[in-house]
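Single-structure report; data block below.
2 protein chains.
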Amino acid sequence: MEKEIANRLSDREVRFTKGRQEVIAALVASDGPRSAAELHTIIGNKVPLSSLYRSLAVLEETGVVVPHFATKGLARYELAEWLKGHHHHLVCVDCGAVEDVEVPTMVERRLETIVTEVATTSEFLPFDHALEIEGRCSRCA
Amino acid sequence: MEKEIANRLSDREVRFTKGRQEVIAALVASDGPRSAAELHTIIGNKVPLSSLYRSLAVLEETGVVVPHFATKGLARYELAEWLKGHHHHLVCVDCGAVEDVEVPTMVERRLETIVTEVATTSEFLPFDHALEIEGRCSRCA
DNA sequence: TTCCTTGCAAACGATTTGCATTGGA
DNA sequence: TCCAATGCAAATCGTTTGCAAGGAA
Chain A
1 MEKEIANRLS DREVRFTKGR QEVIAALVAS DGPRSAAELH TIIGNKVPLS SLYRSLAVLE
61 ETGVVVPHFA TKGLARYELA EWLKGHHHHL VCVDCGAVED VEVPTMVERR LETIVTEVAT
121 TSEFLPFDHA LEIEGRCSRC A
Chain Z
1 MEKEIANRLS DREVRFTKGR QEVIAALVAS DGPRSAAELH TIIGNKVPLS SLYRSLAVLE
61 ETGVVVPHFA TKGLARYELA EWLKGHHHHL VCVDCGAVED VEVPTMVERR LETIVTEVAT
121 TSEFLPFDHA LEIEGRCSRC A
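Here the protein sequences come in this chain order: A and Z.
Here my numbering is used: position 43 in the first sequence is 43, and no number is missing along the way.
Here my numbering is used: position 52 in the second sequence is 52, and no number is missing along the way.
This is how it looks when you write it as structure tokens:
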């Protein structure tokens with residue numbers, strides 16, 4: 001996976017520096033989106049936050065990571081769909097943790113059908129959808 | 001609708017002051033969630049932002065409004081479901097505007113089925129769900 | 001009077017930026 | 001060599017809070 005990312009960056013003449021590699025490694029190891037502060041901790045406080053934000057900005061512009069906003073004023077980042085596959089999120093209303101869920105292809109198809117149906121009733125051109133399931137995670141239940 | 005809100009507040013011994021009424025009026029007139037800054041403009045810059053935030057906090061605690069986070073970590077508020085009904089959102093990837101969509105009951109049922117199916121495969125107790133449809137709105141298309 | 005609410009300004013946390021320095025092709 | 005990437009500190013943005021003044025019960 002780091003290989004595909006390296007190629008993507010080099011195609012766009014963007015360097016895959018050490019700092020950027022650490023961000024990617026941290027995201028690959030995560031089972032859900034992570035905020036800059038969380039990544040900062042995971043990486044071990046080596047990389048200053050400002051550099052982390054800069055790495056995330058570059059990776060976002062290159063289409064490698066994508067921001068996600070589910071809980072109060074915090075951007076969390078995750079690998080783009082072409083890297084980690086299409087998925088949805090379980091958002092804990094108590095602790096704010098966000099976890100990925102894979103949805104079986106069959107179910108995903110039904111969901112796409114719904115999205116199409118909903119969008120045709122409005123003047124809106126849909127490209128994507130996100131299903132956020134809110135509830136309580138196993139730790140908070 | 002303002003009547004139901006007034007009752008809810010008085011039941012909880014919370015005053016329905018002029019500032020709070022203006023926030024509600026602005027939200028009732030909107031077709032999607034609105035940020036504090038947007039409400040500030042709609043209301044006409046009369047109410048200072050800090051008071052607006054305080055009104056929103058009280059209305060949120062009383063269950064009259066709910067926050068929504070779709071773009072750039074900006075909080076946008078809308079009337080709670082018991083007031084405006086269950087609905088979903090169309091999020092424009094260009095301008096960031098968020099608009100409500102009503103989903104026919106039949107379709108909504110299918111969506112609930114999907115949510116239940118997805119959640120049973122994980123240790124997660126779902127109470128609610130939000131379907132965000134990302135695309136381009138009629139103005140940006 | 002006694003709380004609750006407001007306005008203003010200052011404080012806050014998350015994120016961004018300017019600038020001088022470092023590092024890679 | 002030369003431009004991009006970094007670290008640090010200061011700035012910015014959205015949001016929150018302390019405090020003194022205003023208003024309702």
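All C-beta atoms, glycine included, are put in the ideal place defined by N, C-alpha and C.
Closest option to G85/A, judged by alpha-carbon separation, among T71/A, G73/A, V66/A: V66/A. By the Cβ neighbour-count rule, S55/A is buried, with 16 or more other Cβ atoms within 10 Å of its own. Per the coordinates, the alpha-carbon of H87/Z lies some 10 Å from the alpha-carbon of E132/Z. Apart from sequence neighbours up to five positions away, the residues of its chain that approach L27/Z with a beta-carbon distance below 8 Å are R34, L39, V65, Y77, E78, L79, ordered along the chain. Non-local beta-carbon contacts of F69/A in its own chain, meaning distances under 7 Å to residues more than five positions away in sequence, involve A75 in chain order. DSSP places H40/Z inside the alpha helix (DSSP H), whose first and last residues are 36 to 43. Taking CB atoms only, A130/Z has a neighbour in chain A less than 8 Å away. Taking the beta carbon of G85/A as reference, no residue of chain Z falls within 8 Å; the closest one sits roughly 15 Å away.
Where G19/Z is concerned, the enclosing alpha helix (DSSP H) starts and stops at 18 to 28.
Sequence-distant Cβ neighbours of H89/Z in its own chain, meaning closer than 8 Å and more than five residues away, are G32, P33, H68, A70, V98, E99, D100, V101, A130, L131, E132, I133.
Per DSSP, V98/Z is one residue of the beta strand (DSSP E) stretching across 98 to 101.
What T71/A touches in chain Z, judged by beta-carbon distance under 8 Å, is F69, going in chain order. Excluding five sequence positions before and after I5/Z, the CB atoms of its chain that fall closer than 8 Å to its own CB belong to F16, I24, V64, L83, given in chain order. Between the alpha carbons of T121/A and I114/Z lies a gap of roughly 21 Å. Counting only the Cα atoms, R139/Z lies some 42 Å from I43/A.
Using a CB distance below 7 Å, the part of the region 92 to 116 of chain Z facing chain A consists of V101, V103, V107, R110, L111, I114, V115, ordered along the chain. Under the Cβ distance rule, G135/Z counts among the residues neighbouring chain A, one pair being separated by less than 8 Å. Contact annotation: in the region 40 to 64 of chain A, no residue has its CB less than 9 Å from a CB in chain Z. Within chain Z, no residue has its CB atom less than 7 Å from the CB of E38/A, the nearest being about 15 Å off.
In this structure, V107/Z lies away from G135/Z, with their beta-carbon atoms at least 8 Å apart.
CA-CA distance, G73/A to G96/A, rounds to 11 Å.
Under the Cβ criterion of 8 Å, E123/Z is counted among the residues facing chain A. In terms of Cα proximity to V91/A, the closest of L125/Z, L9/Z, T62/Z is L125/Z.
With contacts defined by Cβ atoms closer than 8 Å, A36/Z and L52/Z form a contacting pair. Every beta strand (DSSP E) of 3 residues or more that sits fully in the region 49 to 118 of chain Z is shown, in chain order, as 65 to 69, 75 to 79, 88 to 92, 98 to 101.
Ranking R110/Z, P104/Z, F127/Z, V118/Z by CA distance to the CA of T105/A puts V118/Z first. Taking C-beta atoms as the reference points, V47/Z and E22/Z count as a pair closer than 8 Å. With respect to L59/A, R20/A sits close: the two C-beta atoms are nearer than 8 Å.
Note on geometry: alpha-carbon atoms of K3/Z and T41/Z lie some 25 Å from one another.
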